[in-house]
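Colleague: At position 184 of the sequence shown the residue is numbered 183 (numbering that gives the first Met the number 0), and the sequence of numbers has no breaks.
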Amino acid sequence: MDKRWPFFTVDLELTNICEQNCSFCPRDKITRPAGFIDIQLLADILRQLAALDSRVTFCGMGNPLLHPQWREIADICRGSGLKYGLTIQAPALDAQNIARIDMLAPSFVEISFPTIDSSHFSQIYPGQDLESCLRAVDDLVAMRGSARGISVTAIRTADEPASAEATAAFWLKRGLPLRQQLCHSRGGNLTKNVVTRPRAIEVCGLFATHSFITWQGLLLACCHDLTGATEIADLSQISLTEAAQTKIEILQRGMPWPICTMCDEPAAARPLPDRAYPETAKAQSRYLKRLCASG
0 MDKRWPFFTV DLELTNICEQ NCSFCPRDKI TRPAGFIDIQ LLADILRQLA ALDSRVTFCG
60 MGNPLLHPQW REIADICRGS GLKYGLTIQA PALDAQNIAR IDMLAPSFVE ISFPTIDSSH
120 FSQIYPGQDL ESCLRAVDDL VAMRGSARGI SVTAIRTADE PASAEATAAF WLKRGLPLRQ
180 QLCHSRGGNL TKNVVTRPRA IEVCGLFATH SFITWQGLLL ACCHDLTGAT EIADLSQISL
240 TEAAQTKIEI LQRGMPWPIC TMCDEPAAAR PLPDRAYPET AKAQSRYLKR LCASG
């Protein structure tokens, strides 16, 4: 297996600190330390990810835009040669954060906008208003000059009042691509409004082509690990190519962690790579779309 596959896509956590209070976030279950990634560590990790031709999304358990050294991060990213973007909760799209996104100049922005029902939106985001968040999305589009690179992710909870068809039509009318996902338990850490069912995972397709790196530079087996129990490598100590080999060996033996015995993450069912690593940006994009469509 090509050592680039484990880092085909990467979620990189700049911080696990967040100002939102989403009802489907298991924030109270996080026991790993809170903080911000060291700038030099970030630069080193991004340099190695660029060599692996990874697609990097700044996300995780926090709001990446809260990092106090944002200008330095933007400079590092713009000079990295990487395709990078970020995930942001809709209520976090205030004027200051839109300006920070502009400074970062990401290839893509994924907006978490779980519902188009105003009452349900305010239940998910206490104290937030759907219409004001929609205006903020419009402001982001205006800042970037077009909707190119902007997409919406809707997490469908068990009590979602809007149909999938209505949600799709709503965002189509606004000119933004949409991905709808079923709400799962985030590693068994949520109990309310979960739609998916747990099952034991022996071979994880998500693990095969995707990696999660914490703000401390720790490579975890799963982004739903809120304690750090699935640590594979400390990337401040070993290279990403060494870490990739470790992931490949784990994949060949089977998933060894308790969290994998009760997994309800739909993406875990993604197929393992069945071809040579895609060498061009176009081929990589096609394969990523195939993966996303499978789970």
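For glycine and all other residues, C-beta sits at the position ideal for the given N, C-alpha and C.
Going by C-alpha to C-alpha distance, which of I149, G148, E164 sits closest to R155?
Modeller: By 1-based counting over the sequence shown, the position of residue 155 is 156. Of the candidates I149, G148, E164, the one whose C-alpha sits nearest the C-alpha of R155 is E164.
Colleague: Give me, in chain order, the residues of the same chain whose beta-carbon lies closer than 8 Å to that of P67; leave out the 5 immediate sequence neighbours on both sides.
Modeller: For the purposes of this step, residue 67 is taken as residue 68 along the sequence shown, with counting starting at 1. If we look at P67 and ignore the five residues flanking it on each side, its Cβ neighbours are F35.
Colleague: Tell me the DSSP secondary structure of E71 in three-state form.
Modeller: In the sequence shown, residue 71 corresponds to position 72, counting from 1. Helix, per DSSP.
Colleague: Within the segment 180 to 256, note down every full alpha helix (DSSP H) run reaching 4 residues or more, in order along the chain.
Modeller: With a minimum length of 4 residues, the continuous alpha helix (DSSP H) runs that stay inside the segment 180 to 256 are 204 to 208, 239 to 252.
Colleague: Name the two residues that bound the continuous beta strand (DSSP E) containing D10.
Modeller: Residue 10 sits at position 11 when you count from the first residue of the sequence shown. Run containing D10: 8 to 11, per the beta strand (DSSP E) assignment.
Colleague: Taking C-alpha atoms, which residue in A268, I149, L218 lies nearest to T245?
Modeller: What you label residue 245 is simply residue 246 of the sequence shown in a count that begins at 1. Ranking A268, I149, L218 by Cα distance to T245 puts L218 first.
Colleague: If V140 and W170 are in contact, beta carbons under 8 Å, what's the gap, nearest whole angstrom?
Modeller: In the sequence shown, the residue the question calls residue 140 occupies position 141. In the sequence shown, the residue the question calls residue 170 occupies position 171. Going by Cβ atoms, the distance from V140 to W170 rounds to 12 Å, so no, they are not a contact pair.
Colleague: Taking P270 as the reference, which of T279, Y286, A280, K281 has the closest Cα?
Modeller: Counting from one through the sequence shown, the residue named residue 270 turns up at place 271. Closest by alpha carbon: Y286.
Colleague: Since I believe T195 is in contact with L181 (beta carbons under 8 Å), could you give me their beta-carbon distance rounded to a whole number of angstroms?
Modeller: Position 182 of the sequence shown holds residue 181. Position 196 of the sequence shown holds residue 195. Sure, about 5 Å apart at Cβ, within 8 Å.
Colleague: What distance in whole Å lies between the Cβ atoms of C21 and I115, which are believed to be in contact at a cut-off of 8 Å?
Modeller: Counted from its first residue, the sequence shown places residue 115 at position 116. Counted from its first residue, the sequence shown places residue 21 at position 22. Between C21 and I115 the Cβ distance is about 16 Å, and since that is not below 8 Å, they are no contact.
Colleague: Anyone know if the C-beta pair for G84 and P105 falls short of 8 Å?
Modeller: In the sequence shown, counting from the first residue as 1, residue 84 sits at position 85. In the sequence shown, counting from the first residue as 1, residue 105 sits at position 106. A contact, by the Cβ cut-off of 8 Å.
Colleague: Does the pairing of the segment 84 to 100 with the segment 40 to 53 give three or more beta-carbon distances under 8 Å?
Modeller: No contact exists between the segment 84 to 100 and the segment 40 to 53.
Colleague: Going by C-alpha distance, which of S284, K2, K28, L48 is nearest G216?
Modeller: The residue given as residue 216 occupies position 217 in the sequence shown. Measuring from the Cα of G216, the nearest candidate turns out to be L48.
Colleague: For the alpha helix (DSSP H) that K172 lies in, which residues bound it at each end?
Modeller: The sequence position of residue 172 within the sequence shown is 173, counting from 1. Counting along the chain, the alpha helix (DSSP H) containing K172 begins and ends at 163 to 172.
Colleague: Measuring alpha carbon to alpha carbon, tell me which residue in V193, V202, A153, W4 is nearest R178.
Modeller: Locating residue 178 in the sequence shown gives position 179, counting from the first residue. Considering only alpha carbons, the answer is A153.
Colleague: Taking the alpha carbon of A266 as the point to measure from, which residue in P255, M254, H209, K281 has its own alpha carbon closest?
Modeller: If you number the sequence shown from 1, residue 266 lands on position 267. Nearest of P255, M254, H209, K281 to A266, Cα basis: H209.
Colleague: Residues in its own chain within less than 7 Å of T226 by CB, not counting five upstream and five downstream?
Modeller: The sequence position of residue 226 within the sequence shown is 227, counting from 1. Same-chain partners within the cutoff: T30, R31.
Colleague: Is it buried or exposed for A282, if we count other Cβ within 10 angstroms and need 16 for buried?
Modeller: Along the sequence shown, read from residue 1 onward, the residue named residue 282 stands at position 283. The residue is exposed, with fewer than 16 neighbouring Cβ atoms inside 10 Å.
Colleague: For the 8 Å Cβ check, are there 3 or more pairs between the segment 59 to 73 and the segment 3 to 13?
Modeller: At 8 Å Cβ cutoff, the stretches touch.
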